[in-house]
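Protein chains in written order, with this note's numbering: chain A, 722 to 1535; chain B, 932 to 991.
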């Protein structure tokens, strides 16, 4: 059991191990796919891949029968048209290879593609998991590239970057260019400034230095300062006072005055080109850092977005055809081959397979889907082929929905942020008035001093820090939450959550797992409990019933080996029977036994009565018509329920459980959670009433639930939190979704919320106090524009740095 | 000190070249994958010999 597959590192199951001599030694594999991939890698002389791959990393095993999977549809021109661009002789395509997990993967892919004749260049971007290929179509077909990737164990999908992303990249680059240019200008300007400060402004070189300053400052002002001037004026045109306006005015005035001094030989004034340049550079650095932090927060969203496949195999009149996902309509039937991503939301109409939904739900074990069950776009079909009837495509899918929720949360303004937005125009107005006042007061003494003081005021008060305080924190918080498995639907929710002092949990599916497990077992004197379980599991392993699953998983947990059984028979709704060796066994409900004519001894009846109060269902194990044991099943607590609830209570929150179940069942379930307040046998409307009553007691309520019966309660609560395993309605009504379906995510998001609100407050205080201290100094002309230009961005950076703390000190791991 | 008349334009030209190189680097995507570049440098190319031997023998 300790051996692992040589290729993918999964644990080997004794009965299904493949071995082959590859290289110089015999190696074991978990599947034929892994073996083939390893063989290919060795044949290609790329065996050092296995030394390069980090040991602890588990690679994704290749799809079961990838060798036979058809890639030829990629050669159809119509399909290529969407993804392939032509440049002279070469074709280019962007592929998304989601199972790149380490640098060795990058090496393997690049190495094996680059030596293929016809491929001009293959380059992997490790950060985005994308592969850029340039190839000569006359030498090599596109399908061959996909095939090559499959042979070394990677599944690629064509990738079409959307316009929004393209634009974001373009804007980001623009910002980098402007910053770089301003940086260059600043560095050179410093030399000139040093010369001027140390006396060059007195001698024969004065005019020369002035002109050099002018030459450096002019393009900087026009190029690096352009966005500020544009935004500032654009705001004015819309009758809005924006944060960029004071920056634009400050820079323009300083630049214009310096130019005036330069062009008027008689004037005795100084030039301040260096101020303009430094000021712009430092502000651009601030903007860049802001954009970088925001991009990081958004990258998680982007990763999810790339999950949605771009192609689908549609079955029409018995023929399958690969088409672009854009052409798939509701009601179409699509075929999903093993190893492929499921392109649509829909219902399985034929086939059975395990589907990996981990990227969406965090659930690490593939979930078995059979006819009639729903699959979601973006999940991966791991075993058998499925035919899916399309219910939702593209923007309507659960995946797209989730992304929209995240995008909305990031744009959505928290009340505190809306406040800041309202304050900014007044702030700008005040700044401008103060600057003008300063100018006129000093003008009576000295024109130059007046101009400088006014400029300082403009620069100092530039309300960047104030404007940044909230959005920065919100953006980072959303990103951190997403990493911890939490989707925030709105910024308001985060702020509310920080105020929450009373948490109400639903029972089924929220603090419990929502599926049956063995919680009670009693055996007759002839058998030990373990032996009873062993017998039951051996027989039930042939059944698919939830109770059977519960028994088998319990036996697995205890490492019991299953016995061979014969004559297995299933009586739906009642029980099963089978032989082990000479003994004949029946397992089933009380009614099953009655039907068989087996009498229950009073001892069993008594136990049944006692037990039935606390469990959902009971079964009996009968050996040769003699009852040998009884088992009770109940919804079990989530493994993290106790930790989560304890932690919340330790933090001073009041925790309460509301359930629709029978009182004794609820009592029994939460027994393991210490002293908890609970209410049982509640209808959905009762839950709402309970919440309303609590709210009237001035409590801020967070409701955590997952079912349809919780949807109303989730909406009524100040903050509704849904488990992602929950039904659509619940998720819809909630403000926060725990996407990894783990209760501990709740601790993460609570912590993030507390922290965020604290940081936002700190930031507001920080930026306001900075202004209160610095503005009077600037008005008194104690601070010159250069100092102002240095301190102003420092205040902005301080705010950004403070906001980043949300990211770092998150102790509870998701 | 007349040298200053030559030095300052020289400084500017060097600076402009620096900016141009930087912009070229950004444009050519050298800043797109900072993580990958960091790892790539650590991977040895000890397999180059076999690579040459295998030159003809392409992947199937």
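Virtual Cβ for every residue (Gly too), placed ideally from N, Cα, C.
| request: Can you check the region 784 to 858 of chain A for any alpha helix (DSSP H) of at least 4 residues that lies completely inside it and give the ranges in chain order? | output: 798 to 804, 824 to 835
| request: Tell me, to the nearest whole angstrom, how far the beta carbon of residue 870 (chain A) is from that of residue 818 (chain A); I am working on the premise that it is less than 8 Å. | output: Position 149 of the first chain, counted from the first residue, corresponds to residue 870 (chain A). Position 97 of the first chain, counted from the first residue, corresponds to residue 818 (chain A). With 8 Å as the limit, residue 870 (chain A) and residue 818 (chain A) qualify as a contact, their Cβ atoms being about 7 Å apart.
| query | In terms of residues, what are the limits of the beta strand (DSSP E) holding residue 1042 (chain A)? | reply | Translated into the one-based positions of the first chain, residue 1042 (chain A) becomes position 321. Taken as a continuous stretch (DSSP letters only), the beta strand (DSSP E) holding residue 1042 (chain A) covers 1040 to 1045.
| Can you tell me where the beta strand (DSSP E) with residue 1068 (chain A) in it begins and where it stops? | Position 347 of the first chain, counted from the first residue, corresponds to residue 1068 (chain A). It spans 1066 to 1071 - the beta strand (DSSP E) in which residue 1068 (chain A) sits, taken as one unbroken run.
| task | Name the residue from A:825, A:861, A:888, A:929 whose alpha carbon lies nearest to the alpha carbon of residue 934 (chain B). | result | In the second chain, residue 934 (chain B) corresponds to position 3, counting from 1. Checking every option, the nearest Cα to that of residue 934 (chain B) belongs to A:929.
| request: Give the secondary structure of residue 890 (chain A) by DSSP, where H, G and I count as helix, E and B as strand, and everything else as coil. | output: Within the first chain, numbered from 1, the residue matching residue 890 (chain A) stands at position 169. In this structure, residue 890 (chain A) counts as helix in the three-state DSSP scheme.
| Nearest-angstrom Cα separation, counted from residue 956 (chain A) out to residue 1159 (chain A) | The residue labelled residue 1159 (chain A) in the question sits at position 438 within the first chain. The residue labelled residue 956 (chain A) in the question sits at position 235 within the first chain. Straight-line Cα distance between these residues: approximately 24 Å.
| field | Collapsed DSSP secondary structure at residue 748 (chain A) in the structure displayed | value | Indexing the first chain from 1 puts residue 748 (chain A) at position 27. Reduced to three states, the DSSP call for residue 748 (chain A) is strand.
| Beta-carbon proximity check, residue 1340 (chain A) vs residue 1309 (chain A), cutoff 8 Å | Residue 1340 (chain A) sits at position 619 when you count from the first residue of the first chain. Residue 1309 (chain A) sits at position 588 when you count from the first residue of the first chain. Yes.
| message | How far does the beta strand (DSSP E) with residue 1300 (chain A) in it extend, from its first residue to its last? | response | The count along the first chain starts at 1 and reaches residue 1300 (chain A) at position 579. Per DSSP, residue 1300 (chain A) belongs to the beta strand (DSSP E) from 1296 to 1301.
| Listed from N- to C-terminal order along the chain, which residues in the region 736 to 766 of chain A have their beta-carbon within a distance smaller than 8 Å of any beta-carbon of chain B? | 761, 764, 765, 766
| Can you tell me where the beta strand (DSSP E) with residue 1292 (chain A) in it begins and where it stops? | Along the first chain, read from residue 1 onward, the residue named residue 1292 (chain A) stands at position 571. Counting along the chain, the beta strand (DSSP E) containing residue 1292 (chain A) begins and ends at 1287 to 1292.
| request: Could you give the DSSP three-state label for residue 981 (chain A): helix, strand or coil? | output: In the first chain, the residue the question calls residue 981 (chain A) occupies position 260. Of the three classes helix, strand and coil, the one that applies to residue 981 (chain A) here is helix, per DSSP.
| field | Pairwise C-alpha distance: residue 1458 (chain A) and residue 1108 (chain A) | value | Reading the first chain from its first residue, position 387 is the one you call residue 1108 (chain A). Reading the first chain from its first residue, position 737 is the one you call residue 1458 (chain A). Their Cα atoms are separated by approximately 30 Å.
| message | Measuring only the C-alpha atoms, how far is residue 923 (chain A) from residue 942 (chain A)? | response | Stepping through the first chain from its first residue, residue 923 (chain A) is reached at position 202. Stepping through the first chain from its first residue, residue 942 (chain A) is reached at position 221. Going by the C-alpha atoms only, they are around 26 Å apart.
| field | Cβ-Cβ separation, residue 1244 (chain A) to residue 1253 (chain A) (assumed contact under 8 Å), whole Å | value | The residue you call residue 1253 (chain A) lines up with position 532 of the first chain. The residue you call residue 1244 (chain A) lines up with position 523 of the first chain. Rounded, the Cβ-Cβ distance is 4 Å, consistent with contact.
| query | How big is the Cα-Cα spacing for residue 1503 (chain A) and residue 932 (chain A)? | reply | Reading the first chain from its first residue, position 782 is the one you call residue 1503 (chain A). Reading the first chain from its first residue, position 211 is the one you call residue 932 (chain A). Cα-Cα distance, rounded: 28 Å.
| Does DSSP classify residue 1501 (chain A) as helix, strand or coil? | Looking up residue 1501 (chain A) in the first chain gives position 780. Coil at residue 1501 (chain A), not helix or strand.
| query | For the 8 Å Cβ check, are there 3 or more pairs between the region 1350 to 1370 of chain A and the region 1256 to 1275 of chain A? | reply | yes
| message | Beta carbons nearer than 9 Å to chain B: which residues of the region 888 to 911 of chain A have them? | response | If the cut-off is 9 Å between Cβ atoms, the region 888 to 911 of chain A has 890, 894, 897, 898, 901, 902, 904, 905, 906, 908, 909 near chain B.
| field | Partner residues on chain A for residue 946 (chain B), Cβ-Cβ distance less than 9 Å | value | Start at 1 with the first residue of the second chain, and residue 946 (chain B) comes out as number 15. Listed by position along chain A, the residues whose Cβ is nearer than 9 Å to that of residue 946 (chain B) are 905, 906, 908, 909, 937.
| query | Looking at the unbroken alpha helix (DSSP H) that takes in residue 764 (chain A), where does it start and where does it end? | reply | Residue numbering aside, residue 764 (chain A) sits at position 43 when the first chain is read from its first letter. Note, residue 764 (chain A): alpha helix (DSSP H), 753 to 764.
| Identity of the residues DSSP links to residue 1225 (chain A) by a beta bridge | On the first chain, position 504 is the one that residue 1225 (chain A) refers to. Paired residues: A:1377, A:1424.
| So, residue 1221 (chain A) versus residue 1469 (chain A), is the Cβ gap smaller than 8 Å? | One-based indexing of the first chain puts residue 1221 (chain A) at position 500. One-based indexing of the first chain puts residue 1469 (chain A) at position 748. Their beta carbons are not under 8 Å apart, which means residue 1221 (chain A) does not touch residue 1469 (chain A) by this criterion.
| Proximal residues to residue 1009 (chain A) (C-beta, below 8 Å), its chain only, five neighbours per side dropped | Taking the first chain and counting its residues from 1, the one referred to as residue 1009 (chain A) is at position 288. Taking C-beta separations shorter than 8 Å and ignoring five residues to either side along the sequence, the partners of residue 1009 (chain A) in its chain run 896, 897, 900, following chain order.
| request: Would you kindly check if the distance between the Cβ of residue 1460 (chain A) and the Cβ of residue 1546 (chain A) is under 8 Å? | output: Summary: the structure shown does not reach residue 1546 (chain A), with chain A confined to residues 722 through 1535, and so no result is reported for it.
| message | Helix, strand or coil for residue 1481 (chain A)? Go by DSSP, reduced to three states. | response | One-based indexing of the first chain puts residue 1481 (chain A) at position 760. Three-state result, residue 1481 (chain A): helix.
| said: To the nearest angstrom, how far is the alpha carbon of residue 786 (chain A) from that of residue 754 (chain A)? | reply: As a first step, residue 786 (chain A) must be located in the first chain, where it is residue number 65. As a first step, residue 754 (chain A) must be located in the first chain, where it is residue number 33. Caution is warranted here: a pLDDT of 49 is assigned to residue 786 (chain A), below 50, making its placement in the model unreliable, and no coordinate value can be reported.
| field | Alpha carbon of residue 1298 (chain A) to alpha carbon of residue 1440 (chain A), nearest angstrom | value | Within the first chain, numbered from 1, the residue matching residue 1298 (chain A) stands at position 577. Within the first chain, numbered from 1, the residue matching residue 1440 (chain A) stands at position 719. Taking the straight line from one Cα to the other gives about 50 Å.
| Separation of residue 1228 (chain A) from residue 861 (chain A), as counted between CA atoms | Taking the first residue of the first chain as 1, we reach residue 861 (chain A) at position 140. Taking the first residue of the first chain as 1, we reach residue 1228 (chain A) at position 507. Between the C-alpha atoms of residue 861 (chain A) and residue 1228 (chain A) there is a straight-line separation of about 59 Å.
| task | Step through the CB atoms of chain A and report whether any lies within less than 8 Å of the CB of residue 937 (chain B). | result | Within the second chain, residue 937 (chain B) is the residue found at index 6, counting from 1. It does not: the Cβ of residue 937 (chain B) has no partner Cβ on chain A nearer than 8 Å.
| message | 8 Å is my cut-off, CB to CB: does residue 867 (chain A) come that close to chain B? | response | Here the question's residue 867 (chain A) lines up with position 146 in the first chain. No, residue 867 (chain A) does not count as interfacial toward chain B.
| Cutoff 8 Å: residue 967 (chain B) Cβ touching any chain A Cβ | Taking the first residue of the second chain as 1, we reach residue 967 (chain B) at position 36. Yes, residue 967 (chain B) lies at the interface with chain A (some Cβ there is under 8 Å from its Cβ).
| Roughly how many angstroms separate the alpha carbons of residue 1367 (chain A) and residue 1223 (chain A), rounded to a whole number? | For the purposes of this step, residue 1367 (chain A) is identified with residue 646 of the first chain, where counting begins at 1. For the purposes of this step, residue 1223 (chain A) is identified with residue 502 of the first chain, where counting begins at 1. Cα to Cα, the separation comes out at about 14 Å.
| said: Quick check: the Cα distance between residue 796 (chain A) and residue 738 (chain A), rounded to an integer number of angstroms? | reply: To locate residue 796 (chain A), count along the first chain from 1; it is residue 75. To locate residue 738 (chain A), count along the first chain from 1; it is residue 17. Each residue's alpha carbon lies about 36 Å from the other.
| query | So is residue 1491 (chain A) buried or exposed if we call it buried at 16+ other beta carbons inside 10 Å? | reply | The residue given as residue 1491 (chain A) occupies position 770 in the first chain. Classification for residue 1491 (chain A): buried.
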